[in-house]
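Reading the sequence shown from the start, the letters are residues 175 to 793 in our numbering.
Virtual Cβ for every residue (Gly too), placed ideally from N, Cα, C.
Reading through the structure tokens given below for one structure.
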Amino acid sequence: MVSTAPDSQKKHPTLSKLEEELEFLFTRAIEFRKETIYFIVVDRFHDGDANNDAGPNPKLYDPTRTVWTKYWGGDLQGVIDKLDYLQGMGVTAIWLTPLFEQIEEELFELTAMAGYWTKDFKKLNPRLVASGEETSLVKSKNTCFDRLIAELDKRGMKMILDIICNHSSPDAGGKKGQLFDDGVLIADFHNDEKGWYHHYGEVEDWSSQWQVQNEELAGLADFNENNPEYRDYIKSAIKLWIDRGVDALRVDTVKHMPLWFWQEFTSDITNHKPSIFIFGEWIYSGPNDPESIEFVNKSGMSILDYNLAVAIRRGIGYNDGGFYTVQSAFDQDYLYKSVTELVTFLDNHDISRFQSVNGDGDILRLAVNLIMTARGIPCIYYGTEQYLHNDTDGGGEPYNRPMMEKWDTNSIIYKDMKVLSNLRRENPAVALGSHQQRYVSQDIYCYVRRYRDDRCFVGINKAYVPALIAEVSTDFPDGTYTCLLTGRKFNIQNGLLRNLQLEAKDMIVLSYVGEPVKGQTIVMARVNGITTEYGETVAVTGDCPELGNWEIEKAYKLEYINQNEWFGEIPFNESAGEPIAYKYVVLRDNDAPLRENITCRRWIIGYEGTVRWEDDWNK
Numbered sequence: 175m176v177s178t179a180p181d182s183q184k185k186h187p188t189l190s191k192l193e194e195e196l197e198f199l200f201t202r203a204i205e206f207r208k209e210t211i212y213f214i215v216v217d218r219f220h221d222g223d224a225n226n227d228a229g230p231n232p233k234l235y236d237p238t239r240t241v242w243t244k245y246w247g248g249d250l251q252g253v254i255d256k257l258d259y260l261q262g263m264g265v266t267a268i269w270l271t272p273l274f275e276q277i278e279e280e281l282f283e284l285t286a287m288a289g290y291w292t293k294d295f296k297k298l299n300p301r302l303v304a305s306g307e308e309t310s311l312v313k314s315k316n317t318c319f320d321r322l323i324a325e326l327d328k329r330g331m332k333m334i335l336d337i338i339c340n341h342s343s344p345d346a347g348g349k350k351g352q353l354f355d356d357g358v359l360i361a362d363f364h365n366d367e368k369g370w371y372h373h374y375g376e377v378e379d380w381s382s383q384w385q386v387q388n389e390e391l392a393g394l395a396d397f398n399e400n401n402p403e404y405r406d407y408i409k410s411a412i413k414l415w416i417d418r419g420v421d422a423l424r425v426d427t428v429k430h431m432p433l434w435f436w437q438e439f440t441s442d443i444t445n446h447k448p449s450i451f452i453f454g455e456w457i458y459s460g461p462n463d464p465e466s467i468e469f470v471n472k473s474g475m476s477i478l479d480y481n482l483a484v485a486i487r488r489g490i491g492y493n494d495g496g497f498y499t500v501q502s503a504f505d506q507d508y509l510y511k512s513v514t515e516l517v518t519f520l521d522n523h524d525i526s527r528f529q530s531v532n533g534d535g536d537i538l539r540l541a542v543n544l545i546m547t548a549r550g551i552p553c554i555y556y557g558t559e560q561y562l563h564n565d566t567d568g569g570g571e572p573y574n575r576p577m578m579e580k581w582d583t584n585s586i587i588y589k590d591m592k593v594l595s596n597l598r599r600e601n602p603a604v605a606l607g608s609h610q611q612r613y614v615s616q617d618i619y620c621y622v623r624r625y626r627d628d629r630c631f632v633g634i635n636k637a638y639v640p641a642l643i644a645e646v647s648t649d650f651p652d653g654t655y656t657c658l659l660t661g662r663k664f665n666i667q668n669g670l671l672r673n674l675q676l677e678a679k680d681m682i683v684l685s686y687v688g689e690p691v692k693g694q695t696i697v698m699a700r701v702n703g704i705t706t707e708y709g710e711t712v713a714v715t716g717d718c719p720e721l722g723n724w725e726i727e728k729a730y731k732l733e734y735i736n737q738n739e740w741f742g743e744i745p746f747n748e749s750a751g752e753p754i755a756y757k758y759v760v761l762r763d764n765d766a767p768l769r770e771n772i773t774c775r776r777w778i779i780g781y782e783g784t785v786r787w788e789d790d791w792n793k
């Protein structure tokens, strides 16, 4: 299967300069759904260089690691030192808390240890690199960050940069919002002649969209996105990091800035690096917050899937509704475009760890394995594989950020993640396919991941006693299959698993992989907004051989994801490098095909690599 291509595409020897530019624009390495993300609070992961612990202001460092709001010594060298450990667990992408230079002031015993009080977006935080090392990304090409990127590249792993566009720093030491451009002061909240900041005070009414987008979050100096100088600065700064090897962006506090800003930002960043994957943080987003759904569908970026996280924490952690609660979240998938790109998780630095909700390590393992095999891109919070948690005051912030203590490669979660990360790479159904519930009760959940001929069947029993299911559909070809986690064998006949025995707190995973899609160029086509009936199929027709030359019976059929989305990988060989026209059509067994009411869409197919179409059905 051709899934990605390098950002600098190989050029066809006969292409003109203009054609080469078009080739670069339309041939993109864009697939991120096969990744397994590991989220690291850098200061709390591993101290790889004790010489930098005190930092520029030693008062902010706590060597006893008992003051939870101070720095404890983790750094980028510590991340580098543990890359083999992470790779051995199946981690393919690391998300690090922000690496920008932070203010070195204390505010009500709080510090910038998490990385969200930025002083200079074009410099590294000196606490995270070697003492005395050049921190300017403008002046140095050999920083500790560059060494981290090189080590990630050696292992085929990706780097996710955590960024903040909404705010800079609070009023600590009387220096609120002092912002620098590679060491040069360019903005100051208390002397804001050029209007870089909003000056409306803190949010008081959280139901007011205007206040949420224009007033301050916890006293942090709130950027004025209407200022073009600010927009130029923040985009140019982020591009510096991207040019050093960043593969994806996690964007903080996206609900606090207007949609138009994000549309401009994602367009500009994606034009700069077409392969980049971007996802935002909208806390407690989901169908109960319609503006968050609009953001996902119109901003140009994906989002952290709080809707599923809350459902898993409630249903599995608190046992409130059990798997019925989890399934209710999946039942709302149709509201999202590209639901398979939502970033799924159980916990993070903003909410208590899962084990502070439910301390049973076996239940944690089932919850981790659920997001590793369900739709979406799984993100595991650092230390989860070692059952890391602290339950002080319920385990909320800052107690959800303990220091990493163990590196046990025999942990059951560590070993399961390795297996399931490999599965995500090897079986396209897990990364790209639909999520179909086949059996659900309070304690038992069975589902099938399905894409083309590929299948993955998952059965979970979270009860403390064994369970027997008389019959469950799998859609698998007949045969005997071995569970990837337990080694147990299961016989499937007529697509059915009969007398399925699940042990107490047990999980089985079966996999079947068909023939991969092969082509000189692969077009990953997604269309949303089609209402189909049972037995109807969405296909792509067009003026090229790969799409049937407008012959409907030869149109390329897509795969059902949910009632709002169809997706498919279309191989192009004969038409690679050529301009084409296409539109979508609904194939109906007992009626004439239903075509889009639209002038044909047009595209120049890249000569090689991966291309992405993201379309909405036109009635």
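- Collapsing the DSSP output to three states places residue 434 in a helix.
- Of 549, 500, 573, the smallest CA-CA separation from residue 602 is found for 549.
- The stretch 577 to 589 makes no contact with the stretch 454 to 468; the number of CB pairs closer than 8 Å stays below 3.
- Counting only runs of at least 3 residues, the stretch 424 to 493 fully encloses the following beta strand (DSSP E) elements, listed from N- to C-terminal order: 451 to 454.
- Close CB contacts of residue 635 within its chain, under the 8 Å cut and outside five residues either way in sequence, are with 617, 618, 641, 676, 677, 678, 679, 680, 681 (chain order).
- Boundaries of the beta strand (DSSP E) around residue 612: 608 to 614.
- Per DSSP, the beta-bridge partners of residue 753 are 778.
- According to the DSSP assignment, residue 259 belongs to the alpha helix (DSSP H) that extends over 257 to 262.
- Looking only at 610, 385, 637, 614, the smallest Cα-Cα distance to residue 625 is reached by 610.
- In terms of Cα proximity to residue 569, the closest of 541, 523, 595, 593 is 523.
- Distance from the Cα of residue 511 is smallest, within the candidate group 567, 472, 535, 597, for 472.
- Counting along the chain, residue 535 sits inside the alpha helix (DSSP H) bounded by residues 535 to 547.
- The beta-carbon separation of residue 426 and residue 337, rounded to 7 Å, stays under the 8 Å limit for a contact.
- It is roughly 26 Å from the alpha-carbon of residue 594 to the alpha-carbon of residue 744.
- Around the C-beta of residue 225, fewer than 16 other C-beta atoms lie within 10 Å, and the residue is accordingly described as exposed.
- A residue is called buried when at least 16 other Cβ atoms come within 10 angstroms of its Cβ; residue 725 does not meet this threshold and is exposed.
- If you draw a straight line from the Cα of residue 716 to the Cα of residue 732, it comes to about 14 Å.
- Distance from the CA of residue 527 to the CA of residue 376, rounded to the nearest whole angstrom, comes to 28 Å.
- The count of Cβ pairs closer than 8 Å, one atom from the stretch 701 to 718 and one from the stretch 651 to 666, stays below three, leaving the stretches out of contact.
- Beta-bridge pairing by DSSP links residue 675 to 642.
- Partner residues in the beta bridge of residue 666, as assigned by DSSP, are 653, 671.
- In the three-state DSSP reduction, residue 247 falls in the coil class, being neither helix nor strand.
- The Cβ neighbour count for residue 718, taken over all protein chains shown within 10 Å, is at least 16; the residue is labelled buried.
- Judged by beta-carbon spacing, residue 207 lies within the 8 Å limit of residue 605, meaning their Cβ atoms are closer than that value.
- The shortest C-alpha to C-alpha distance from residue 304 to any of 257, 460, 322, 747 is the one to 322.
- Residue 504 and residue 482 have their alpha carbons spaced roughly 7 Å apart.
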